[in-house]
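Residue numbers (the numbering used here): 538 to 827. Accompanying notes for the structure given below.
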Ligand SMILES: Nc1ncnc2c1ncn2[C@@H]1O[C@H](COP(=O)(O)OP(=O)(O)OP(=O)(O)O)[C@@H](O)[C@H]1O
Ligand SMILES: [Mg+2]
């Protein structure tokens, strides 16, 4: 009976979400082990089979660092951004496209899903430009060269729309090129936000390693379950969000301003976090409203 009641509780949500597109960003922490990744993929497949059209974006920072260290190259960061020279860019592409993207696609296959692996380059999905990083030094502004670190110039969602309409699940890596063919390493959170906005997705879902947005980072019980975009922007300005949470929140704000209905930041290492957030009345993470 309990099992049936759980399905019945989900019915209004299934009805509301049927036929809509959701962009899901998988962070390094939702991929720490094959087991965690496989559970996440199965939940995404459940969404797919109740009529939701998922688009997956993945990161892979920790694995890039690990690979670089094994090759004897010391990673360098400026304000959380990886300084990416030509050699590092080769490793970034190898790890993100060659390894992680392919791993996610095969995990879909193994569990009965039709996934297609893409980078931002494919079908001109994401057109990138070099990121210009400025820093104040006294009263002067200096430009720091981060190498092949890029940002989104614009998104052409056409290739995703074609795939989604034909029943495929696109899996996108945050590697993209400019129109001269130079390749760049982009932040996966920001790419997810831009893609969600371009698709006018119903939801943007960010899987991370904390329960959601915390009002006090040292206290896991300080989870904010519901917040408006303007309140979140205020938190960002007040410096209450640090490190990896900053691009995540920027991506959420971009998505909501671009017409996405809701954004969710949830703990990807917790079992069935996506299903708990979407199909139960209470949810488990942070829901952001426009
Ligand atoms: N107010 C806040 N609430 C919650 N987390 C915060 C806050 N401020 C900063 N953070 C940090 O943001 C981190 C999440 O971002 P992080 O970039 O580390 O993970 P990810 O994006 O899920 O994974 P990856 O970058 O590997 O793809 C948390 O582990 C936490 O330390
Ligand atoms: Mg991150």
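Heads up, the beta-carbon is just placed ideally off N, CA and C, and yes, glycines get one too. Source: prediction; values computed, not measured.
Problem set entry | Three CB pairs or more closer than 8 Å across the region 679-694 and the region 718-736 | yes
For this session: Given a cut-off of 8 Å, decide if residue 654 and residue 642 are closer than it, judged by their beta-carbon atoms.
Result: yes
For this session: Put residue 612 into one of helix, strand or coil per three-state DSSP.
Result: Here residue 612 sits in coil by DSSP.
Exercise. When every heavy atom of ligand 1 is checked, does at least one fall within less than 7 Å of the C-beta of residue 807?
Worked result: no
For this session: Use the C-beta contact count for residue 565: other C-beta atoms within 10 angstroms, 16 or more gives buried, fewer gives exposed.
Result: buried
Problem set entry | heavy atom of ligand 2 below 7 Å from residue 556 C-beta | Ligand 2 has no heavy atom closer than 7 Å to the beta-carbon of residue 556.
Problem set entry | Environment of ligand 2 in chain order, Cβ to heavy atom below 6 Å | Of all residues, those with a beta-carbon under 6 Å from at least one heavy atom of ligand 2 are 564, 596, 726 and 781, reported in chain order.
Exercise. What did DSSP end up calling residue 619 once you bin it into helix, strand or coil?
Worked result: strand
Exercise. In angstroms, rounded to a whole number, what distance separates the CA positions of residue 696 and residue 538?
Worked result: Looking at the two C-alpha atoms, the distance is approximately 43 Å.
Problem set entry | Whole runs of the beta strand (DSSP E) within the region 726-773, excluding any shorter than 3 residues | 740-745 and 763-765
Exercise. Do residue 793 and ligand 1 come close, with the Cβ less than 7 Å from some heavy atom?
Worked result: Residue 793: no, Cβ never under 7 Å from ligand 1.
For this session: Using only alpha-carbon positions, find the residue among 825, 817, 809 and 820 that is nearest to residue 583.
Result: Cα-wise, what sits closest to residue 583 is 809.
Problem set entry | Collapsed DSSP secondary structure at residue 555 in the structure displayed | In this structure, DSSP gives residue 555 a state outside helix and strand, which the three-state scheme calls coil.
Problem set entry | Proximity to residue 668 [Cα-Cα], best of 634, 618 and 806 | 618
Problem set entry | Stretch-stretch touch, CB-based, cutoff 8 Å, three pairs: the region 797-811 with the region 740-749 | yes
For this session: Leaving out five residues on either side along the sequence, give the residues of the same chain with a beta carbon under 7 Å from the beta carbon of residue 704.
Result: So the list reads 651, once near-sequence residues are dropped.
Exercise. Do residue 632 and residue 604 have their CB atoms nearer than 8 Å?
Worked result: yes
For this session: Report the rounded CA-to-CA distance for residue 589 versus residue 609, giving the unit in angstroms.
Result: 44 Å
For this session: Determine the DSSP secondary structure at residue 823, reduced to helix, strand or coil.
Result: Of the three classes helix, strand and coil, the one that applies to residue 823 here is strand, per DSSP.
For this session: Using only the heavy atoms of ligand 1, determine whether one of them is closer than 7 Å to the beta carbon of residue 573.
Result: no
For this session: Taking only the alpha-carbon atoms, compute the straight-line gap between residue 710 and residue 677 and give it to the nearest angstrom.
Result: Here the alpha carbons of residue 677 and residue 710 stand approximately 36 Å from one another.
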